[in-house]
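Going by the numbering used here, the first residue of the sequence shown is number 34, and it counts up by one from there.
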Amino acid sequence: SLNLEGSVGLFVQEISESTGKVEKGLIGTFQSAPLCQHSVLEYLLGGTKNVVIPVLWTIGNEEPDLILESSISFVNKQKAQTIINYQAGATFQALLEQGVPSAKVTITRPDEYNIGNLVAFIQSTVYYLCLLLDVNWSNNPKVIIGKEIGTTALKNKSSLEQRKNTREKLATKIFNQKFFEE
34 SLNLEGSVGL FVQEISESTG KVEKGLIGTF QSAPLCQHSV LEYLLGGTKN VVIPVLWTIG
94 NEEPDLILES SISFVNKQKA QTIINYQAGA TFQALLEQGV PSAKVTITRP DEYNIGNLVA
154 FIQSTVYYLC LLLDVNWSNN PKVIIGKEIG TTALKNKSSL EQRKNTREKL ATKIFNQKFF
214 EE
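Structure (structure tokens):
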């Protein structure tokens, strides 16, 4: 459901934007199944700890769905969404088994009422997480940096070439390297 995926995107955006201050921030991230199983598990279970909040979701009834034909007996004649949901469930279970704090939120229908409740849940969760991290969820001073750069370029009608040259000079000055050589 696009509504559900949009809600997950809101959670990811709010986690990163609201907690990402004073070197305490977390990264919200999501990848839809089945992509999530390998990359998420490897990163979350083997990578840097306590910097990412994983978001996994499943869809109970995706219509239309695809019936799989496979030489693997336990996959043959299964719905594609069923297999994806098994993979997402296995990912969630692996996170729990390895001690990665995780939760599962279920909504029965992705209608306006349930999506509204989900948005309220997301915003409340982010608010209380920011209280626990002792960061102000409502200010975003680092976002202003990018907005000012974009606004100035738009007002000055800077060309793509001018903006590229500015970044090249900046990279050379800051890092003393030429990252943009062809």
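For glycine and all other residues, C-beta sits at the position ideal for the given N, C-alpha and C.
Roughly how many angstroms lie between the CA atoms of residue i and residue j, to the nearest whole one?
{"i": "TYR119", "j": "THR141", "result": "18 Å"}
{"i": "VAL176", "j": "GLU50", "result": "8 Å"}
{"i": "ASP167", "j": "LEU43", "result": "21 Å"}
{"i": "ASN223", "j": "THR62", "result": "For the chain, the structure presents residues 34 to 215; residue 223 sits outside this window and is missing."}
{"i": "THR52", "j": "LYS190", "result": "33 Å"}
{"i": "VAL138", "j": "ASN198", "result": "47 Å"}
{"i": "PHE107", "j": "THR205", "result": "57 Å"}
{"i": "CYS163", "j": "LYS188", "result": "35 Å"}
{"i": "ASN172", "j": "ILE60", "result": "17 Å"}
{"i": "ASN147", "j": "GLN131", "result": "31 Å"}
{"i": "THR185", "j": "ASN209", "result": "25 Å"}
{"i": "GLN195", "j": "PRO174", "result": "26 Å"}
{"i": "GLU38", "j": "GLN126", "result": "21 Å"}
{"i": "GLU181", "j": "LYS202", "result": "18 Å"}
{"i": "ASN150", "j": "ARG200", "result": "43 Å"}
{"i": "VAL45", "j": "GLY183", "result": "23 Å"}
{"i": "ILE105", "j": "GLN111", "result": "11 Å"}
{"i": "ILE207", "j": "GLY79", "result": "32 Å"}
{"i": "TYR161", "j": "PRO143", "result": "25 Å"}
Where does residue i sit, in a helix, a strand or coil, going by DSSP?
{"i": "THR81", "result": "coil"}
{"i": "LYS112", "result": "strand"}
{"i": "GLY132", "result": "coil"}
{"i": "ILE182", "result": "helix"}
{"i": "GLY58", "result": "coil"}
{"i": "PRO87", "result": "strand"}
{"i": "ILE100", "result": "strand"}
{"i": "VAL138", "result": "coil"}
{"i": "PRO143", "result": "coil"}
{"i": "LYS190", "result": "coil"}
{"i": "ASN198", "result": "helix"}
{"i": "GLY53", "result": "coil"}
{"i": "VAL168", "result": "coil"}
Please tell me whether residue i and residue j are closer than 8 Å, where the distance is taken between their beta carbons.
{"i": "LEU128", "j": "LEU77", "result": "yes"}
{"i": "LEU193", "j": "THR124", "result": "no"}
Since I believe residue j is in contact with residue i (beta carbons under 8 Å), could you give me their beta-carbon distance rounded to a whole number of angstroms?
{"i": "SER40", "j": "VAL159", "result": "Actually they are not in contact, since the Cβ atoms of SER40 and VAL159 sit about 13 Å apart, beyond 8 Å."}
{"i": "ILE9", "j": "LEU101", "result": "The structure shown does not extend to residue 9, since the chain is modelled only from 34 through 215, so no value can be given for it."}
{"i": "GLU47", "j": "ILE178", "result": "At roughly 19 Å, the Cβ-Cβ gap does not stay under 8 Å, so GLU47 and ILE178 are not in contact."}
{"i": "ALA113", "j": "LEU99", "result": "4 Å"}
{"i": "THR87", "j": "SER157", "result": "Position check: residue 87 holds Pro in this sequence, whereas Thr was assumed. Going by Cβ atoms, the distance from PRO87 to SER157 rounds to 19 Å, so no, they are not a contact pair."}
* **Validate contact between the region 43 to 56 and the region 75 to 83 using beta carbons, cut 8 Å, 3 pairs** => They do not touch, by the three-pair rule.
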